[in-house]
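Chemist: One structure is given below, represented as structure tokens, and several questions about it will come after.
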Amino acid sequence: MTQIDTDLAMDAAAEPAPNISRRVFITVLIAACVLFPLLQVFVGGMNYYLHMLLFLFMNIAIASNWNIIGGYTGYISLGHNVFFAIGGYAGAILFAYFGISPFIAFPICGIVTMLLGFLIGSITLRASGPTFIISSIALVLLVRILLENWEYIGGTNGISLELVDLPVEYVKFPFYYLMLLLAVGSVAMSMAIRRSKFGLGLRAISQDEIKAEVAGVPTRRYKVLAFGLSGLFIGMAGALWGYYLTYLSPVIFLSILVGAKFVLMTILGGRGTVSGPVVGAIVFILANEFFVSQFGATELNIAATGLALVVVLLFFPEGIIGTLKEKDRLPKFLDWD
Amino acid sequence: MAMIEIKDVFAGYGIGPDILTGLSLNVVAGRSYCIVGPNGAGKSTLLKVICGQLPPRSGSVMFNGQDLAGLRTDEVLERGICFVPQDRSLFTDMTIRENLQMGGYILKDSAEIDRRIEGVLEMFPVLKSRLGLAAKTLSGGQQQQLLIGRALVLRPKVIMLDEPTLGLAPKISRQIFDSMNELKAAGIAIIVVEQNARMGLNFADWGCVLDLGRMVFEGPSQDVLSDERIEQLYLGRKRQTEAAS
Numbered sequence: 001m002t003q004i005d006t007d008l009a010m011d012a013a014a015e016p017a018p019n020i021s022r023r024v025f026i027t028v029l030i031a032a033c034v035l036f037p038l039l040q041v042f043v044g045g046m047n048y049y050l051h052m053l054l055f056l057f058m059n060i061a062i063a064s065n066w067n068i069i070g071g072y073t074g075y076i077s078l079g080h081n082v083f084f085a086i087g088g089y090a091g092a093i094l095f096a097y098f099g100i101s102p103f104i105a106f107p108i109c110g111i112v113t114m115l116l117g118f119l120i121g122s123i124t125l126r127a128s129g130p131t132f133i134i135s136s137i138a139l140v141l142l143v144r145i146l147l148e149n150w151e152y153i154g155g156t157n158g159i160s161l162e163l164v165d166l167p168v169e170y171v172k173f174p175f176y177y178l179m180l181l182l183a184v185g186s187v188a189m190s191m192a193i194r195r196s197k198f199g200l201g202l203r204a205i206s207q208d209e210i211k212a213e214v215a216g217v218p219t220r221r222y223k224v225l226a227f228g229l230s231g232l233f234i235g236m237a238g239a240l241w242g243y244y245l246t247y248l249s250p251v252i253f254l255s256i257l258v259g260a261k262f263v264l265m266t267i268l269g270g271r272g273t274v275s276g277p278v279v280g281a282i283v284f285i286l287a288n289e290f291f292v293s294q295f296g297a298t299e300l301n302i303a304a305t306g307l308a309l310v311v312v313l314l315f316f317p318e319g320i321i322g323t324l325k326e327k328d329r330l331p332k333f334l335d336w337d
Numbered sequence: 001m002a003m004i005e006i007k008d009v010f011a012g013y014g015i016g017p018d019i020l021t022g023l024s025l026n027v028v029a030g031r032s033y034c035i036v037g038p039n040g041a042g043k044s045t046l047l048k049v050i051c052g053q054l055p056p057r058s059g060s061v062m063f064n065g066q067d068l069a070g071l072r073t074d075e076v077l078e079r080g081i082c083f084v085p086q087d088r089s090l091f092t093d094m095t096i097r098e099n100l101q102m103g104g105y106i107l108k109d110s111a112e113i114d115r116r117i118e119g120v121l122e123m124f125p126v127l128k129s130r131l132g133l134a135a136k137t138l139s140g141g142q143q144q145q146l147l148i149g150r151a152l153v154l155r156p157k158v159i160m161l162d163e164p165t166l167g168l169a170p171k172i173s174r175q176i177f178d179s180m181n182e183l184k185a186a187g188i189a190i191i192v193v194e195q196n197a198r199m200g201l202n203f204a205d206w207g208c209v210l211d212l213g214r215m216v217f218e219g220p221s222q223d224v225l226s227d228e229r230i231e232q233l234y235l236g237r238k239r240q241t242e243a244a245s
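Order-wise, the sequence lines are chains B and P. When the first sequence is numbered by full-length UniProt numbering, its final residue is 337 and no position is left out of the sequence of numbers. When the second sequence is numbered by full-length UniProt numbering, its final residue is 245 and no position is left out of the sequence of numbers.
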């Protein structure tokens, strides 16, 4: 390497160039997602793909939102499906008892979830490391017992909701677009936090909490704030997903596997990065769908998905995006940090 | 006039016994201090009390006439007291720019932070050429430059370092003391707790000897170094060791 090459490499390290390929990629991607349902209008037979995409958008929203506490802040929560359940049930109550459609009420459900997140976080975040992880699992069990014994919302029998009154070929459209909106919103919030002073503080906490504290980061306040914010989009997704299923029961939202999936998607893509949870959700959902198609919805499918994850993480120990970034092999259009 | 006045402080952890048992110390602006003493004397505890990590059970810690009691670490930092805990100098996975930004984290004006960072980068050009790289990619000496640069972004009045050379090679330890000399030259008061007592006392203007949570001696560093009794009890008999070797 010549001196000029070295200087150029150093200049590149000194001042990041504007990432035009990233902007173009994201714009094209969103535009394609917005236009995709037109195929259903003009060609038809796209209901399966619409379902898969809206399910994917929901998981992108969830993984990106979880990344705020689990990735940036470094607090692994296995109990974020509690937020999913709270959002779902809040939407169901508002619809079943007050007649407010989840299409309108989902932001309220997200805010309610976030506020409860502040409250829960102010208690559980007194612990850290393995103790915090265990407390997050305990939270799932606790909320499940509560919901199973709350007759107002059907207890273990669950609660059924009215179907959306739309022709079958268009019934997925509102869910599709709202889930897309959540995915874009959740990633945008994640990106904004990653680039903010608040995000810098969270990442400092993730590296070393004491070091962050002595640098002036109000660690306790930031952790609680991150915990609450990490429930905002998950709560909204829960409200829409409950309406989409037209049936909610504690077992759907509050099994350990559901919470673990949020974590796995993010770790697979690369926690602590902006694009990692997006890539992780896509790979996870596609792999799972492939194995379901091969083995059916059995334990074999879960085992195969788990095995595939292990193999991927062997080659990408920091997640797909995290490892590529560390090795300086991440394509620019995927570097959203 | 003393900048920090520590009066008759008692402090300890949880429900455990007092580690500091009536400690008093005055810290004068611009002067450097080395705290020495045996294990369990309360050296690190003293720094934690000053920076707000450990509230005193009784006694007072005043900074420029203002009581620091009840203030959080970030609030103490806002007043200009910076603490570098043991083996916790840099955020190694963060970039050099982010490390410098962390130095000015408590400052509200981001333009002012950028200006100060630019000033630091003028002082240390090697950092400027590597701004986007992770701090862990720097050599030991460069990391020390970054550490000083980070402290200079904040422009604190006092820097407290707990065992800055712990577990480091002698060459890196010397680089750290060189860096501390630069901070001293910038007029910043330094309080250092150092296991290598001779090195620490040779650096500092003022030596403080702690034992069982109390100040047993304080004075100019050279007086501490030349005191036979202190040398025997707390510094080890270097001359005899040297003679034997």
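C-beta atoms are modelled at their ideal positions from N, C-alpha and C, and glycine is treated no differently.
(1) Put residue 5(B) into one of helix, strand or coil per three-state DSSP.
(2) Can you check whether the C-beta of residue 213(B) is within less than 8 Å of a C-beta belonging to chain P?
(3) Just to confirm before moving on: does the CB-CB distance between residue 8(P) and residue 30(P) stay below 8 Å?
(4) With three or more beta-carbon pairs closer than 8 Å as the criterion, would you say the segment 68-88 of chain B touches the segment 229-249 of chain B?
(5) Is the Cβ of residue 210(B) closer than 8 Å to any Cβ of chain C?
(6) With DSSP collapsed to three states, give me the class of residue 286(B).
(7) What number of angstroms, rounded off, separates the C-alpha of residue 329(B) from the C-alpha of residue 92(P)?
(8) So, are the CB atoms of residue 76(P) and residue 51(P) less than 8 Å apart?
(9) Locate the alpha helix (DSSP H) running through residue 263(B), then write down its first and last residues.
(10) Compare the C-alpha of residue 228(B) against each of 113(B), 41(B) and 268(B) and name the closest.
(11) Would DSSP call residue 102(B) helix, strand or coil?
(12) Check the DSSP bridge columns for residue 5(P) and list the partner residues they point to.
(13) Excluding the 5 residues preceding and the 5 following residue 216(P) in the sequence, name in chain order all residues of the same chain whose CB lies nearer than 6 Å to its CB.
(14) Using the beta-carbon of each residue, which ones in chain B are nearer than 7 Å to residue 83(P)?
(15) On the criterion of 16 or more Cβ atoms from any shown chain inside 10 Å, does residue 20(B) qualify as buried, or is it exposed?
(16) Could you spell out the range, first to last residue, of the alpha helix (DSSP H) harbouring residue 222(B)?
(17) Are the beta-carbon atoms of residue 235(P) and residue 198(P) separated by less than 8 Å?
(18) DSSP puts residue 220(P) in a beta bridge; with which residues?
(19) Within 10 angstroms of its Cβ, does residue 243(B) collect 16 or more other Cβ (buried), or is it exposed?
(20) Whose C-beta lies closer than 8 Å to the C-beta of residue 209(B) among residues of the same chain, with five residues either side of it excluded?
(21) If we call anything under 8 Å between Cβ atoms a contact, is residue 54(B) one with residue 179(B)?
(22) Within 10 angstroms of its Cβ, does residue 126(B) collect 16 or more other Cβ (buried), or is it exposed?
(23) Taking buried to mean at least 16 other C-beta atoms within 10 Å of its own C-beta, is residue 145(B) buried or exposed?
(24) Any C-beta of chain P sitting closer than 8 Å to the C-beta of residue 311(B)?
(25) Label residue 156(P) either buried or exposed according to how many other C-beta atoms from any shown protein chain fall within 10 Å of its C-beta, with 16 as the threshold for buried.
(26) Assign residue 249(B) to buried or exposed, taking buried as 16 or more other Cβ atoms, counted over all protein chains shown, within 10 Å of its Cβ.
(27) Beta-carbon of residue 77(P) versus every beta-carbon of chain B: anything under 8 Å?
(28) Is residue 79(P) helix, strand or coil by DSSP?
(29) Am I right that residue 62(P) and residue 200(B) are in contact with their C-beta atoms under 8 Å? What's the rounded C-beta distance?
(30) In whole angstroms, give me the CA-to-CA distance for residue 12(P) and residue 42(P).
(31) May I ask which residues mark the beginning and end of the alpha helix (DSSP H) holding residue 251(B)?
(32) Could you give the first and the last residue of the continuous alpha helix (DSSP H) run that contains residue 275(B)?
(33) Using a threshold of 8 Å, state whether the C-beta atoms of residue 211(B) and residue 55(P) are closer than that.
(34) Secondary structure at residue 215(P), three-state DSSP: helix, strand or coil?
(35) Does any residue of chain P bring its CB to less than 8 Å from the CB of residue 277(B)?
(36) Can you tell me whether residue 48(B) is buried or exposed, with buried defined as 16 or more other CB within 10 angstroms of its CB?
Modeler: Quick look at the numbers:
(1) Here residue 5(B) refers to the residue found at position 5 when the first sequence is read from its first residue. No answer about residue 5(B) holds up, because its pLDDT of 42 lies below 50 and its placement is not dependable.
(2) For the purposes of this step, residue 213(B) is taken as the residue at position 213 of the first sequence. Chain P contact via Cβ: present.
(3) Sequence index remark: in the second sequence, residue 8(P) carries index 8 (1-based). Sequence index remark: in the second sequence, residue 30(P) carries index 30 (1-based). No; because the gap between Cβ atoms is not below 8 Å, this pair is not in contact.
(4) yes
(5) Of the protein chains in the structure, B and P, none is chain C.
(6) In the first sequence, residue 286(B) corresponds to position 286, counting from 1. Here residue 286(B) sits in helix by DSSP.
(7) Indexing the first sequence from 1 puts residue 329(B) at position 329. Indexing the second sequence from 1 puts residue 92(P) at position 92. Their Cα atoms are separated by approximately 21 Å.
(8) As a first step, residue 76(P) is located in the second sequence; it is residue number 76 there, counting from the start. As a first step, residue 51(P) is located in the second sequence; it is residue number 51 there, counting from the start. Taking 8 Å as the Cβ cut-off, residue 76(P) and residue 51(P) qualify as a contacting pair.
(9) Within the first sequence, the letter at position 263 stands for residue 263(B). Note, residue 263(B): alpha helix (DSSP H), 256-269.
(10) If you number the first sequence from 1, residue 228(B) lands on position 228. The option with the nearest alpha carbon to residue 228(B) is 113(B).
(11) Here residue 102(B) corresponds to residue number 102 of the first sequence, with the count starting at 1. Correct three-state label for residue 102(B): helix.
(12) In the second sequence, residue 5(P) corresponds to position 5, counting from 1. Note: residue 5(P) sits in a beta bridge opposite 26(P) and 62(P).
(13) Within the second sequence, the letter at position 216 stands for residue 216(P). In its chain, beyond the 5 residues on either side, 209 have a beta carbon closer than 6 Å to the beta carbon of residue 216(P).
(14) Taking the first residue of the second sequence as position 1, residue 83(P) is located at position 83. Chain B residues near residue 83(P): 214.
(15) Within the first sequence, residue 20(B) is the residue found at index 20, counting from 1. Burial call: exposed.
(16) For the purposes of this step, residue 222(B) is identified with residue 222 of the first sequence, where counting begins at 1. Note, residue 222(B): alpha helix (DSSP H), 219-245.
(17) To locate residue 235(P), count along the second sequence from 1; it is residue 235. To locate residue 198(P), count along the second sequence from 1; it is residue 198. Yes, Cβ-Cβ distance for residue 235(P) and residue 198(P) is below 8 Å.
(18) Counted from its first residue, the second sequence places residue 220(P) at position 220. Bridge partners of residue 220(P): 206(P).
(19) Taking the first residue of the first sequence as 1, we reach residue 243(B) at position 243. Looking at its Cβ environment, which holds 16 or more other Cβ atoms inside 10 Å, residue 243(B) is buried.
(20) To locate residue 209(B), count along the first sequence from 1; it is residue 209. Excluding residues within five positions, the ones whose Cβ falls inside 8 Å are 128 and 219.
(21) Residue mapping note: residue 54(B) aligns to position 54 of the first sequence, counting from 1. Residue mapping note: residue 179(B) aligns to position 179 of the first sequence, counting from 1. With a cutoff of 8 Å on beta-carbon distance, residue 54(B) and residue 179(B) are scored as near each other.
(22) Residue 126(B) sits at position 126 when you count from the first residue of the first sequence. Under the 10 Å beta carbon count, residue 126(B) is surrounded by fewer than 16 other beta carbons and is classified as exposed.
(23) To locate residue 145(B), count along the first sequence from 1; it is residue 145. Answer is exposed; the Cβ neighbour count stays below 16.
(24) Numbered from its first residue, the first sequence carries residue 311(B) at position 311. Closer than 8 Å: no.
(25) Counting from one through the second sequence, the residue named residue 156(P) turns up at place 156. Sixteen is the threshold: when 16 or more other Cβ atoms of the shown chains lie within 10 Å of the Cβ of residue 156(P), as they do, the residue is buried.
(26) Working through the first sequence from its first residue, we reach residue 249(B) at position 249. Counting Cβ neighbours within 10 Å, residue 249(B) comes out buried, since at least 16 surround it.
(27) Along the second sequence, one-based indexing puts residue 77(P) at 77. Chain B contact via Cβ: present.
(28) In the second sequence, the residue the question calls residue 79(P) occupies position 79. Reduced to three states, the DSSP call for residue 79(P) is coil.
(29) The residue you call residue 62(P) lines up with position 62 of the second sequence. The residue you call residue 200(B) lines up with position 200 of the first sequence. With 8 Å as the limit, residue 62(P) and residue 200(B) do not qualify as a contact, their Cβ atoms being about 32 Å apart.
(30) Stepping through the second sequence from its first residue, residue 12(P) is reached at position 12. Stepping through the second sequence from its first residue, residue 42(P) is reached at position 42. So the alpha carbons of these two residues sit roughly 9 Å apart.
(31) Against the first sequence, residue 251(B) aligns to sequence position 251. Run containing residue 251(B): 250-253, per the alpha helix (DSSP H) assignment.
(32) One-based indexing of the first sequence puts residue 275(B) at position 275. Per DSSP, residue 275(B) belongs to no alpha helix (DSSP H) and is neither H nor E.
(33) Within the first sequence, residue 211(B) is the residue found at index 211, counting from 1. Within the second sequence, residue 55(P) is the residue found at index 55, counting from 1. Their beta carbons are not under 8 Å apart, which means residue 211(B) does not touch residue 55(P) by this criterion.
(34) Counting from one through the second sequence, the residue named residue 215(P) turns up at place 215. Strand.
(35) One-based indexing of the first sequence puts residue 277(B) at position 277. So, not an interface residue.
(36) As a working mapping, residue 48(B) is identified with position 48 in the first sequence. That one is exposed.
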